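Be aware that the sequence shown starts at -16, since it is given in the numbering used here, and climbs by one per residue. Note that the Cβ used here is the ideal one computed from N, Cα and C, for glycine as well. Note that the structure is predicted; figures quoted are calculated from it, not measured.
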Amino acid sequence: MHQSGHSRAHSMHDVQFSALRAMTPRARGVIALKEENCTSCMLCARECPDWCIYIEAHKEKRPPRREGGKPRTVNALERFDIDYALCMYCGICVEVCPFDALFWSPEFEYSEVRIADLLHDKEKLGEWMEGVPEPQALEAGAVKKK
Ligand code: SF4
Ligand code: SF4
-16 MHQSGHSRAH SMHDVQFSAL RAMTPRARGV IALKEENCTS CMLCARECPD WCIYIEAHKE
44 KRPPRREGGK PRTVNALERF DIDYALCMYC GICVEVCPFD ALFWSPEFEY SEVRIADLLH
104 DKEKLGEWME GVPEPQALEA GAVKKK
């Protein structure tokens, strides 16, 4: 069957695109936020070379862990945005987070017509958690973190 140059190019692109998706489960596509792990410590925002993480939080009182203990003060996250118009996908934020709140998801299909829509808020960043792959098995002899 005759195939035009355009449709041939199109189908080649489709093949390459689907192969890319299948081959790179740990690709740096987008950063996902596990909000319940985030303590609003600001470390990621301070270390980001592009200053494209915006965090706002306030202090809240929580009941003591043990009976008779003092009420605890915790940071409650109000805002956690990443501006993907600025992000250079260096991964520093994911590396420095001490509380396992940031992860790479291989999802990369989030281009936008309006550049302002590349600002992802904590709800959007939370949705990306769905695509985060399970952690890799530990190497033989490695000690699991407690
Ligand atoms: S990947 Fe790098 S540039 Fe992007 S938000 Fe994280 S630290 Fe900033
Ligand atoms: S994502 Fe991690 S490093 Fe960033 S504020 Fe939350 S706990 Fe701190």
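Counted as a single uninterrupted DSSP element, the alpha helix (DSSP H) harbouring A28 occupies residues L26 to E30. Distances from the alpha-carbon of L60 to those of E122, N20 and L69 put N20 closest. In the DSSP assignment, I36 falls within the beta strand (DSSP E) that extends over I36 to R45. Around the C-beta of A15, 16 or more other C-beta atoms lie within 10 Å, and the residue is accordingly described as buried.
Judged by pairs of C-beta atoms under 8 Å, the stretch 44 to 53 does not touch the stretch 105 to 120, as fewer than three such pairs exist. Contact annotation, R11 with Y72: C-beta distance approximately 5 Å; criterion of less than 8 Å satisfied.
Scanning its chain for C-beta atoms nearer than 8 Å, with the 5 sequence neighbours on each side dropped, one finds around P8 the residues P89 and P116, in chain order.
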